[in-house]
RNA sequence: GCGCCCGUAGCUCAGUUGGAUAGAGCAUCUGCCUUCUAAGCAGAGGGUCGCGCGUUCGAAUCGCGCCGGGCGCACCA
């Protein structure tokens, strides 16, 4: 796209001036203000300092060796040494016309495709999915779609929690307290109930404490891990019941996975993983458990295996096998990383989890690099973390009765609220049509609220905010796309051409310019794993369209303005729909 | 104690590897539907970007020190 073209030209010119220089820092961005043109480059100032040159002088020299004459007006040097680029009307017309013809949508696929394994959602078996799962699920799915659109190979993997100590309690509960009828009615609630019941019975501090329950749970867990047929059968049934719930929710959210390899899948390799780590001298025995300690290659401050107490640095080991012989998620994650690299040869492995696991992933990545240096050198591992969801009181989110808010209930409520608005706004539509619009609008609102904030911010949950249907929300963007789509439908057959110079109004030009920035926005979103850049872009595009729509009649305009404006409507519709779909949000034809 | 993160308008938050006059939504106030959908548009008010020092042409952004808050730190994930 255009910003890359400018970048390439500038970099070539700089290499002429200063051969051998790394020009990676030369960045071209959309102009911050229309009065500065359409694109700007601020990087020369810093470069001038490195070259010990006057920035404006350097800018002059660079421009003397660059030719933009076919595409831009002659670039201006402004302020301390900014370069400002203004599109020729013919260039704008050409880019819009080729896009309208379907040749591109303001982005180009990458020239260096990567293979990414993206690990997200990861719900637990036998527990209802709650709002806490939404960020990982929505964020991971969105990132997967954006990478894919830009031409990367994406492998999504749902690493579900289908193994672990909680099954000891669940098995005791299943055998002693299961209500079969309740299980048929609502399996997740019943499994949750028996888990909580046994959990309370195991805790001497709690009222329902029963001597020996904890030991019983441990025994059931050991039996399960040893392959006891009865326990295995119950365990499989719990997974099947849970998977049905996952499928329902993922279906509603429009989320899918290439693989669902839960923790249990890696069981067969765990002992070998720990043995190999010990054999290679990475892990050693400590207090009966097996753990990875600092190898002293990093300064203590940056070493994830050290922590400071009372002014002294103490070991902060990564535990990979418990003293009782059981494995934990450290060993599972190490085996998982190994499996993924062997199986898919990825360039990147992306873990989308909450920020509280940062230390775990630092230790995991460092441990893996020491265990498999050759494999680790072929892959970048990213912990893409996000903030916690808090209640209105700033504490971890719970309902009044202390329960988690169920994801299914949140989605139901979203659709109900949207239906009220649709019914009010569009009494002329039939019931089925209203419900379908309400579904897209309600779910869109939820996803938008989740993706709009910077992912690292903590997140204060409120029904009103999560389900907001006005302002900076998905329904606003969806609404603008229906307005644009309606104009296009009403136009009938048209020659989609933007004649050079036919766009002159500031509302037209601002809209057109913003369409061109779609590609650079996607690149930015992918570079930092931040779909909120795309949300901001789409809201801005929708706002610019709305202004254009108020100020510039389309169908009543004279040619060639009519065609040019219609092109803007067509392209706005396409970019909004494409952008929303990357966020997992559907766009109705009418609202 | 150490580490990570946060502190921006009344409220909730953006701010794209340091850039030009710090933005949006909500809320409040004023206008705009006989003209392609008013789930909309135009406008107004509202800021010592927690505080201080530093780095430099230039800091909400980088460094150091405080103040305030959240999270994590050995057998849960």
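Residue numbers (my numbering): 129 to 719.
Even glycine gets a Cβ: it sits at the ideal position worked out from N, Cα and C.
Note that the structure is predicted; figures quoted are calculated from it, not measured.
Based on the DSSP output, what are the partners of residue i in its beta bridges?
| i | result |
| --- | --- |
| residue 169 | 156 and 211 |
| residue 84 | Since the displayed the chain opens at 129 and closes at 719, residue 84 lies outside it and no answer follows. |
| residue 517 | 587 |
| residue 284 | 246 |
| residue 447 | 419 |
| residue 289 | 252 |
| residue 442 | 435 |
| residue 387 | 285 |
Assuming residue i and residue j make a contact with CB atoms under 8 Å, what is their CB distance in whole Å?
| i | j | result |
| --- | --- | --- |
| residue 434 | residue 422 | 5 Å |
| residue 463 | residue 398 | 6 Å |
| residue 262 | residue 535 | 6 Å |
| residue 595 | residue 651 | Wrong, their Cβ atoms sit about 32 Å apart, outside the cutoff. |
| residue 517 | residue 587 | 5 Å |
| residue 284 | residue 356 | In fact, because the Cβ distance is near 33 Å, the residues do not count as touching under 8 Å. |
| residue 443 | residue 245 | The pair is not a contact, with the Cβ atoms about 31 Å apart (cut-off 8 Å). |
| residue 700 | residue 669 | 7 Å |
| residue 233 | residue 703 | 6 Å |
Reducing DSSP to helix, strand and coil, say where residue i ends up.
| i | result |
| --- | --- |
| residue 455 | strand |
| residue 278 | coil |
| residue 690 | helix |
| residue 534 | strand |
| residue 652 | helix |
| residue 319 | helix |
| residue 681 | coil |
| residue 296 | helix |
| residue 375 | helix |
| residue 543 | helix |
| residue 337 | coil |
| residue 398 | helix |
| residue 366 | helix |
| residue 595 | coil |
| residue 332 | coil |
| residue 554 | coil |
| residue 717 | coil |
| residue 647 | helix |
| residue 130 | helix |
| residue 352 | helix |
| residue 181 | coil |
Whether or not the stretch 183-202 and the stretch 236-246 are in contact is what I'm after, with contact meaning three or more pairs of Cβ atoms, one per stretch, closer than 8 Å; do they touch?
no
Do the stretch 362-371 and the stretch 428-448 make contact, defined as three or more Cβ pairs closer than 8 Å?
no
Inside the stretch 190-261 only - beta strand (DSSP E) runs reaching at least 3 residues
204-206, 210-213 and 243-247
Touching or not, the stretch 611-620 and the stretch 676-695, by the rule of three or more beta carbon pairs under 8 Å?
yes
Ranges of the alpha helix (DSSP H) found wholly within the stretch 598-644, counting only runs of at least 4
602-619 and 634-644
Please specify which runs of the alpha helix (DSSP H), each continuous and at least 4 residues long, are wholly inside the stretch 472-513, giving them in chain order.
486-499 and 501-504
Length at least 3, wholly inside the stretch 402-440: the beta strand (DSSP E) runs in chain order
411-414, 417-420 and 434-437
For the stretch 569-588 against the stretch 253-267, are there 3 or more C-beta pairs whose distance is under 8 Å?
yes
Could you name each continuous alpha helix (DSSP H) segment of 4 residues or more that falls completely within the stretch 558-583, going from the start of the chain to the end?
559-579
Segment contact, 8 Å Cβ cut-off, at least three pairs: the stretch 379-393 with the stretch 278-295
yes
Could you tell me whether the stretch 630-640 touches the stretch 680-689, using the rule of 3 or more Cβ pairs below 8 Å?
yes
Does the stretch 331-349 come within contact of the stretch 294-306, defined as at least 3 CB pairs closer than 8 Å?
yes
Is the stretch 604-611 in contact with the stretch 678-685, if contact means three or more CB pairs nearer than 8 Å?
no
Touching or not, the stretch 480-496 and the stretch 214-234, by the rule of three or more beta carbon pairs under 8 Å?
no
Is it true that the stretch 314-330 meets the stretch 247-255, where meeting means three or more beta-carbon pairs spaced less than 8 Å apart?
yes
Within the chosen definition, does the stretch 487-496 reach the stretch 667-680 through at least 3 CB pairs nearer than 8 Å?
no
Sufficient close CB pairs (3 or more, under 8 Å) joining the stretch 543-558 to the stretch 620-629
no
Taking contact to mean at least 3 C-beta pairs separated by less than 8 Å, is the stretch 298-308 in contact with the stretch 326-340?
yes
Between the stretch 271-282 and the stretch 331-339, can you find at least three pairs of beta-carbon atoms closer than 8 Å?
no
Does the stretch 467-476 touch the stretch 502-520, meaning 3 or more C-beta pairs lie closer than 8 Å?
yes
Three or more beta-carbon pairs under 8 Å between the stretch 702-718 and the stretch 560-571, yes or no?
yes
Taking contact to mean at least 3 C-beta pairs separated by less than 8 Å, is the stretch 195-209 in contact with the stretch 149-160?
no
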